[in-house]
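Notes follow the structure.
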Amino acid sequence: MKIVEEKIIDDLKEKAKIIRCHIVEMIYRAQVGHPGGSLSAADILTALYFYILSIDPKNPDWEDRDRFVLSKGHAATALYSTLAERGFFPTDLLFTFGQIGSLLQVHPDKNKVPGIDASTGALGQGLSIALGMALGARVDGKKYWVYALIGDGEIQEGQIWEAAMCTAHYKVTNLITILDYNKVQLMGPVSKIMEVSPVKDKWLSFGWNVIEIDGHDMKQIINSIYEAKRVKQKPTIIIAHTIKGKGISYMEGTHEWHGKAPCKEELEIAIKELTNSV
Amino acid sequence: MIAVRDSFGKALLELGRENKDVVVLDADLASSTRTIYFAKEYPDRFFEMGIAEQNMMGVAAGLASVGKIPFVTTFAVFATKRACDQVTISVAYPSLNVKIIGAYTGLLSGYTGATHQAIEDISVMRAIPNMIVIDPADAEEMRQAVKIIAQHKGPVYMRETRDEWPDLFDKSYEFEIGKAAEVCSGSDATIIACGVMTSEAAKASKILSKENIGVRVINMSTVKPIDKDMIIRCAKETGAIVTAENHNIYGGLGSAVSEVLAEEFPTPLLRIGIKDTFGESGSNEDLLKKYNMDAGYIASAVKRVIKRKKVQ
Ligand SMILES: Cc1ncc(C[n+]2csc(CCOP(=O)(O)OP(=O)(O)O)c2C)c(N)n1
Numbered sequence: 048m049k050i051v052e053e054k055i056i057d058d059l060k061e062k063a064k065i066i067r068c069h070i071v072e073m074i075y076r077a078q079v080g081h082p083g084g085s086l087s088a089a090d091i092l093t094a095l096y097f098y099i100l101s102i103d104p105k106n107p108d109w110e111d112r113d114r115f116v117l118s119k120g121h122a123a124t125a126l127y128s129t130l131a132e133r134g135f136f137p138t139d140l141l142f143t144f145g146q147i148g149s150l151l152q153v154h155p156d157k158n159k160v161p162g163i164d165a166s167t168g169a170l171g172q173g174l175s176i177a178l179g180m181a182l183g184a185r186v187d188g189k190k191y192w193v194y195a196l197i198g199d200g201e202i203q204e205g206q207i208w209e210a211a212m213c214t215a216h217y218k219v220t221n222l223i224t225i226l227d228y229n230k231v232q233l234m235g236p237v238s239k240i241m242e243v244s245p246v247k248d249k250w251l252s253f254g255w256n257v258i259e260i261d262g263h264d265m266k267q268i269i270n271s272i273y274e275a276k277r278v279k280q281k282p283t284i285i286i287a288h289t290i291k292g293k294g295i296s297y298m299e300g301t302h303e304w305h306g307k308a309p310c311k312e313e314l315e316i317a318i319k320e321l322t323n324s325v
Numbered sequence: 085m086i087a088v089r090d091s092f093g094k095a096l097l098e099l100g101r102e103n104k105d106v107v108v109l110d111a112d113l114a115s116s117t118r119t120i121y122f123a124k125e126y127p128d129r130f131f132e133m134g135i136a137e138q139n140m141m142g143v144a145a146g147l148a149s150v151g152k153i154p155f156v157t158t159f160a161v162f163a164t165k166r167a168c169d170q171v172t173i174s175v176a177y178p179s180l181n182v183k184i185i186g187a188y189t190g191l192l193s194g195y196t197g198a199t200h201q202a203i204e205d206i207s208v209m210r211a212i213p214n215m216i217v218i219d220p221a222d223a224e225e226m227r228q229a230v231k232i233i234a235q236h237k238g239p240v241y242m243r244e245t246r247d248e249w250p251d252l253f254d255k256s257y258e259f260e261i262g263k264a265a266e267v268c269s270g271s272d273a274t275i276i277a278c279g280v281m282t283s284e285a286a287k288a289s290k291i292l293s294k295e296n297i298g299v300r301v302i303n304m305s306t307v308k309p310i311d312k313d314m315i316i317r318c319a320k321e322t323g324a325i326v327t328a329e330n331h332n333i334y335g336g337l338g339s340a341v342s343e344v345l346a347e348e349f350p351t352p353l354l355r356i357g358i359k360d361t362f363g364e365s366g367s368n369e370d371l372l373k374k375y376n377m378d379a380g381y382i383a384s385a386v387k388r389v390i391k392r393k394k395v396q
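Here the protein sequences line up with chains Z and B, keeping their order. Its first residue numbered 48, the first sequence is counted upward by one per residue in the working numbering. Its first residue numbered 85, the second sequence is counted upward by one per residue in the working numbering.
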């Protein structure tokens with residue numbers, strides 16, 4: 048296995064911090080958005096966009112690029128912040144989020160924003176779209192990879208399991224699915240709303256290869272993707288154990304910050320906590 | 085005469101030969117929808133998706149977003165309702181190049197009855213932005229439409245009639261999206277029809293010509309975008325309109341024509357179609373008769389609407 052240098056890991060961690068700051072700032076300014084699920088996904092997105100994905104911000108429609116589908120589209124602020132940092136568009140644009148006429152819709156619109164591969168927001172649909180892209184690569188004999196990020200509440204949708212069945216049936220290995228397993232959804236803990244566990248067993252029984260990681264550990268995120276890429280005959284899901292609202296003490300682990308914007312004081316605390324964190 | 089669905093299946097096969105970007109997805113119904121011809125010839129470009137229509141629609145969206153031209157087929161009821169949110173959000177919102185083919189039109193569902201009778205598909209699809217809605221009248225129009233919709237960039241919903249149906253068009257006809265065609269001439273009234281009802285309308289026109297009533301028949305196979313100019317011209321020239329569709333009279337062709345007339349040129353109008361009721365099993369002929377959609381009934385409706393014309 049390729050060993051990722053410590054320096055690179057440190058840089059990625061720094062990036063994730065900046066991205067988390069953008070997320071809360073965007074949501075504060077717009078007074079709309081979904082901080083909890085954006086913050087839980089921030090490290091995964093950082094690892095993907097700054098280390099894993101073969102993409103070109105200067106040529107966002109490059110045919111042979113890797114694709115990423117944010118199936119849990121309400122985490123758009125995380126994706127927008129990451130794309131801006133990666134150079135797909137100026138960071139100024141972030142602060143138009145959700146305003147009338149803005150390219151940055153509260154749920155991502157692929158036709159409005161460079162670097163976005165799928166329009167999502169209706170939960171449960173993104174995995175199928177990603178699967179279609181992966182099958183398209185197969186038809187065309189292309190080598191690109193497709194990544195999908197799904198939520199743990201989202202997997203309550205039946206379509207996810209239709210897609211799970213289909214991906215295994217077609218032995219699709221150029222699609223890597225990551226589950227943002229933060230254990231909280233909109234109205235409360237997943238275990239209370241509609242239990243999805245045992246998650247690992249469910250995917251195993253659908254014929255998938257399963258890797259479990261700490262979704263806030265850059266090294267584990269990167270290594271699990273390397274591992275997934277080597278698996279033959281079976282699709283892989285990376286179950287990333289995460290914390291909803293990760294990085295901001297008063298948001299962590301709670302559903303109350305699923306779709307709520309911070310006030311000025313809360314923003315200041317958030318930024319302070321994020322910049323002081325290691 | 086060949087079954088309209090066979091015309092579809094063969095046209096799709098031919099299209100597959102000409103255009104390597106065409107891929108086909110079906111949900112365990114390839115022998116019914118006739119995508120089986122394509123599946124046998126091009127197994128690498130055919131995806132059997134099982135009985136899972138929502139995933140099928142999403143996969144089609146993914147394939148389209150990497151440059152393929154997916155034709156997605158299943159029964160119209162499932163394509164437009166089971167997977168309605170996927171059609172709307174995964175396909176239509178990003179305006180992806182997906183061709184949705186809804187098999188078995190209206191009441192004509194091969195005896196299967198209400199569970200398989202798509203009586204609201206046009207209405208649902210018509211209300212989705214970016215979506216084009218087509219209900220071809222016969223095998224020739226279907227054959228041409230398959231190619232034309234593949235050339236059009238963006239989502240299309242097209243109905244696919246199951247059985248043989250009287251031929252209206254020959255090879256000299258040129259199907260165009262959004263362009264209606266006159267199939268019978270006349271100036272006393274106009275029947276605007278789509279799908280299988282166009283030939284019923286033509287029969288009605290023939291019946292009425294024996295009584296010296298000249299009825300124009302327009303084939304409005306593209307229900308959206310609707311050919312407004314044609315509707316207004318017919319209203320001005322004939323002064324009375326009957327619409328005929330193999331669909332609920334709520335939300336389909338009759339509604340679309342009414343919208344145009346009410347806004348642009350109010351004209352006496354009667355709508356023929358399924359009168360907001362569920363269907364049942366039966367032969368095509370028996371169904372059209374029982375639900376007041378056959379040529380005889382259309383002819384009587386024309387007479388009624390002519391009576392409502394303003395005395396000049
Ligand atoms: C089909 C659908 N149903 C409901 C919603 C409303 N909704 C948005 S986010 C959310 C909770 C999602 O929970 P989860 O997948 O766990 O996301 P995360 O906790 O990672 O934010 C709900 C119910 C939606 N967007 N789509």
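Don't be surprised by glycine CBs; every beta carbon is placed ideally from N, CA and C.
Proximal chain B residues relative to residue i, where beta-carbon distance stays under 7 angstroms
i	result
Z:N221	Those within 7 angstroms of Z:N221 in chain B number zero; the least Cβ separation is about 11 angstroms.
Z:A169	D169 and I173
8 angstroms Cβ cutoff met for residue i and residue j
i	j	result
Z:Y98	Z:T129	no
Z:L182	Z:P155	no
Z:A88	Z:A125	yes
Z:T301	Z:V231	yes
Z:E259	Z:H288	yes
B:F122	B:V143	no
Z:G168	Z:G120	yes
B:R300	B:S269	yes
B:T164	B:G186	yes
B:L192	B:L337	no
Z:I285	Z:L226	yes
B:F155	B:K124	no
B:Y195	B:A160	no
Distance cut-off 7 angstroms: residue i Cβ against heavy atoms of ligand 1
i	result
Z:N229	yes
Z:K291	yes
Z:D326	An answer regarding residue 326 of chain Z cannot be provided, because it is not within the stretch 48 to 325 covered by chain Z.
Z:D199	yes
Z:G168	yes
Z:Q232	yes
Z:H263	no
Z:E303	no
Z:K119	yes
B:E321	no
Z:E204	yes
B:S174	no
Z:G171	yes
Z:S87	yes
Z:H81	yes
Where residue i sits in the DSSP three-state scheme
i	result
B:A264	coil
Z:I290	coil
B:Q396	Here B:Q396 scores only 47 on pLDDT, less than 50, and its place in the model should not be relied on; the value that follows carries that caveat. Note: B:Q396 maps to coil in three-state DSSP.
Z:K60	helix
B:N139	helix
Z:G188	coil
Z:E242	coil
B:A95	helix
B:N181	coil
Z:E320	helix
B:M215	coil
B:I120	helix
Beta-carbon neighbours of residue i, restricted to chain B and to distances below 9 angstroms
i	result
Z:E201	Those within 9 angstroms of Z:E201 in chain B number zero; the least Cβ separation is about 13 angstroms.
Z:A123	The contacting residues do not exist; Z:A123 stays about 14 angstroms from chain B at best.
Closer than 8 angstroms at the beta carbon, the chain Z residues around residue i
i	result
B:S179	N158
Partner residues on chain B for residue i, Cβ-Cβ distance less than 8 angstroms
i	result
Z:I176	G142, V143, A145, G146, S149 and S174
Z:S166	I173, S174, Y177 and P178
Q. Quick one, which residues of the segment 205 to 218 of chain B are near chain Z if we go by CB-CB under 9 angstroms, in chain order?
A. If you check each beta-carbon in the segment 205 to 218 of chain B against every beta-carbon of chain Z, none falls closer than 9 angstroms.
(Q) Residues of the segment 178 to 191 of chain Z in Cβ contact with chain B at a cutoff of 9 angstroms, in chain order, please. (A) Cβ contacts with chain B: L178, G179, M180, A181, L182, G183, A184, R185, V186, D187, K189 and Y191.
**Q.** Contact residues within the segment 106 to 134 of chain B, judged by C-beta distance below 8 angstroms to chain Z
**A.** Listed by position along the chain: V107, D128, R129, F131, M133 and G134.
Q. Taking a cut of 8 angstroms between CB atoms, which residues from the segment 139 to 159 of chain Z lie near chain B?
A. Within the segment 139 to 159 of chain Z, the residues whose Cβ lies closer than 8 angstroms to some Cβ of chain B are D156, K157 and N158, listed in chain order.
Q: Using a Cβ-Cβ cut-off of less than 9 angstroms, list which residues of the segment 141 to 166 of chain B approach chain Z; keep chain order.
A: Result list: M141, G142, V143, A144, A145, G146, L147, A148, S149, V150, G151, K152 and P154.
(Q) Against chain Z, which members of the segment 236 to 251 of chain B pass a CB distance test of less than 9 angstroms? (A) For the segment 236 to 251 of chain B, which is checked against every Cβ of chain Z, not one residue is closer than 9 angstroms.
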